[in-house]
Structures are given as C-alpha cells and as structure tokens.
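Undergrad: Residues in the sequence shown are numbered from 10 upward in steps of one, following the numbering used here.
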Amino acid sequence: MAAQPLESPTRRPGKNETNAEVQLQEPSLADGPALWRLARDSRVLDVNSPYSYALWCRDFADTSVVARDGARPCGFITGYVRPSRPDTFFVWQVAVDRDHRGQGLARRMLDSLADRLAPRGLEYMEATVTPDNTASTAMFESFAKARGCEISRSPLFAAEHFPEGGHEPEVLFRIGPIAAAN
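1. If we ignore side chains and look at the alpha-carbon of each, how far apart do G185 and E132 end up?
2. What does the alpha-carbon distance come out to for the pair F99 and A136?
3. What three-state label does DSSP hand R129 in the structure shown?
4. Enumerate in chain order the residues of its own chain whose CB-to-CB distance from K154 is below 7 Å, with the five nearest sequence positions on each side excluded.
5. Just to confirm, are L47 and P36 a CB contact at a threshold of 8 Å?
6. Can you list, in chain order, the residues of its chain with a C-beta nearer than 6 Å to that of G41? Leave out the 5 residues immediately preceding and following it.
7. The alpha helix (DSSP H) that contains D68, what's its start and end?
8. Which of helix, strand or coil does DSSP assign to L165?
9. Can you check DSSP and say which residues form a bridge with E78?
10. Between the Cα of N57 and the Cα atoms of S121, A39, Q102 and V74, which residue gives the shortest distance?
11. Could you tell me which of M134, C158, F85 and D68 sits nearest to D50, measuring between CA atoms?
12. In angstroms, rounded to a whole number, what distance separates the CA positions of C83 and R52?
13. Would you kindly work out how many angstroms separate the C-alpha atoms of R117 and S163, rounded to a whole number?
14. Below 8 Å CB to CB, which residues in the same chain sit around Y89 once its five sequence neighbours on both sides are set aside?
15. I need the DSSP call for T139, collapsed to helix, strand or coil.
16. Output needed for P59: all residues of its chain with C-beta closer than 6 Å, excluding positions within five of it in sequence on either side, in chain order.
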C-alpha cells in the first residue's frame with residue numbers, strides 16, 4: 010500500500026516557516042527504523058524498542074503520521090484509538106528532528122491527524138505530558154485554542170508507576186470535542 014499525502018485544511022505553514030516543503034503521510038513499515046532513530050535522537054522521548062516502531066507503522070499507520078523532507082522522515086506522531094473509548098484518539102509520541110524544530114511541524118502533523126480522524130467519529134484527543142515539557146504543553150494548548158476545544162488536565166501516572174525511577178509523573182491532557190474540518 011502506497012503512503013497517501015495527508016494535508017490539513019485547518020493549518021498551513023506560514024510564509025516564514027521552512028517546513029512548507031515537508032509532506033505528511035501515513036507511515037509505512039519501512040519507516041519503523043527512521044521513527045526509532047528520531048525518537049532516540051530527540052533525547053527527550055522515552056525510546057521504545059525498534060520492534061515497537063516497526064509494529065506501530067504496520068498496525069497503527071491509519072492513526073499516525075510521518076513528515077518527510079524529500080524521502081527522509083523528519084518527524085512523526087504515533088497514536089491509537091482507545092479501545093475502551095472509541096471516540097478518543099490517544100497521541101503516544103510526537104517527534105521532530107532538530108533541523109525542523111520551531112517551525113510548526115509538530116502542530117501541522119497534529120492538525121493533519123485530527124482532520125483525518127474527526128470524520129471517523131473521534132471527538133477527543135488525549136496525550137500525557139510531563140510537567141516540565143513546556144513545548145508539548147504549548148502545542149496542545151495552541152491546538153485546543155485554535156479549534157475552540159476545551160482542554161482538561163488530570164494526573165494519570167505518578168512517578169512510582171515507572172519501575173526505573175527518575176521518570177516524572179505524566180499529566181493527562183484531554184481535548185475536545187473536536188469537529189471535522191469543513
């Protein structure tokens with residue numbers, strides 16, 4: 010199956026944004042290694058096994074997005090529909106390589122996913138964010154504000170839920186209801 014471009018009618022890069030040439034697509038199985046490297050090189054994400062990124066690209070491509078600068082992946086969002094809440098999309102990870110940061114690419118990918126998933130009946134987006142992750146907090150707040158959505162925050166995972174220690178607590182962000190783009 011060929012990857013299909015996924016452009017968001019809601020958010021377009023501004024004239025000063027250099028990511029305008031970056032294409033958004035569903036990931037393919039071949040993208041797994043690149044997604045793993047992007048997560049590893051971010052130095053802020055919890056890096057999963059290479060196997061998990063390959064599996065993600067195979068089983069959750071329809072709820073994920075990869076950004077490509079030419080043929081090279083330069084960002085991604087992985088997510089899934091919550092089995093116990095079929096109206097809710099959970100954002101698992103957001104990564105943008107160093108050369109494309111600060112240009113609105115993460116937000117553009119988030120808009121693209123929401124525009125693709127809202128017509129399928131997904132009305133809410135959830136994600137967890139550590140208290141010190143100001144970039145993710147700003148991105149989700151900006152997304153909610155631009156779409157006229159409510160955003161609620163509640164504790165989800167405490168530090169003791171992570172066996173290796175040193176992991177900050179994770180706060181659940183719930184955004185919605187999200188309307189389909191016109």
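Where a beta carbon is used, it is the ideal one built from N, C-alpha and C, also for glycine.
TA: From the atom records:
1. Numbered from its first residue, the sequence shown carries residue 185 at position 176. Numbered from its first residue, the sequence shown carries residue 132 at position 123. Going by the C-alpha atoms only, they are around 6 Å apart.
2. Sequence index remark: in the sequence shown, residue 99 carries index 90 (1-based). Sequence index remark: in the sequence shown, residue 136 carries index 127 (1-based). Distance between the alpha carbons of F99 and A136: 6 Å.
3. Within the sequence shown, residue 129 is the residue found at index 120, counting from 1. Of the three classes helix, strand and coil, the one that applies to R129 here is helix, per DSSP.
4. Against the sequence shown, residue 154 aligns to sequence position 145. For K154, where only same-chain residues beyond five positions count, there are no Cβ hits under 7 Å.
5. The residue given as residue 47 occupies position 38 in the sequence shown. The residue given as residue 36 occupies position 27 in the sequence shown. Going by C-beta atoms, L47 is not nearer than 8 Å to P36.
6. To locate residue 41, count along the sequence shown from 1; it is residue 32. Once the five neighbours on either side are set aside, the close Cβ partners of G41 are Y62, A63 and C66.
7. One-based indexing of the sequence shown puts residue 68 at position 59. Where D68 is concerned, the enclosing alpha helix (DSSP H) stretches over P59 to D68.
8. Here residue 165 corresponds to residue number 156 of the sequence shown, with the count starting at 1. Strand at L165.
9. Reading the sequence shown from its first residue, position 69 is the one you call residue 78. Just to set this straight, residue 78 is Asp in the shown sequence, not Glu. Beta-bridge pairing links D78 to R81.
10. If you number the sequence shown from 1, residue 57 lands on position 48. That would be Q102, whose Cα lies nearest to the Cα of N57.
11. Locating residue 50 in the sequence shown gives position 41, where the first residue counts as 1. Measuring from the Cα of D50, the nearest candidate turns out to be F85.
12. Stepping through the sequence shown from its first residue, residue 83 is reached at position 74. Stepping through the sequence shown from its first residue, residue 52 is reached at position 43. If you take the alpha carbons of C83 and R52, they lie about 15 Å apart.
13. Against the sequence shown, residue 117 aligns to sequence position 108. Against the sequence shown, residue 163 aligns to sequence position 154. The alpha-carbon separation between R117 and S163 amounts to approximately 25 Å.
14. Position 80 of the sequence shown, counted from the first residue, corresponds to residue 89. Cβ neighbours of Y89 beyond the five flanking positions: F69, T72, F98, F99 and W101.
15. The residue given as residue 139 occupies position 130 in the sequence shown. The answer is coil: DSSP assigns T139 none of H, G, I, E or B.
16. The residue you call residue 59 lines up with position 50 of the sequence shown. The answer, listed in chain order, is W45.
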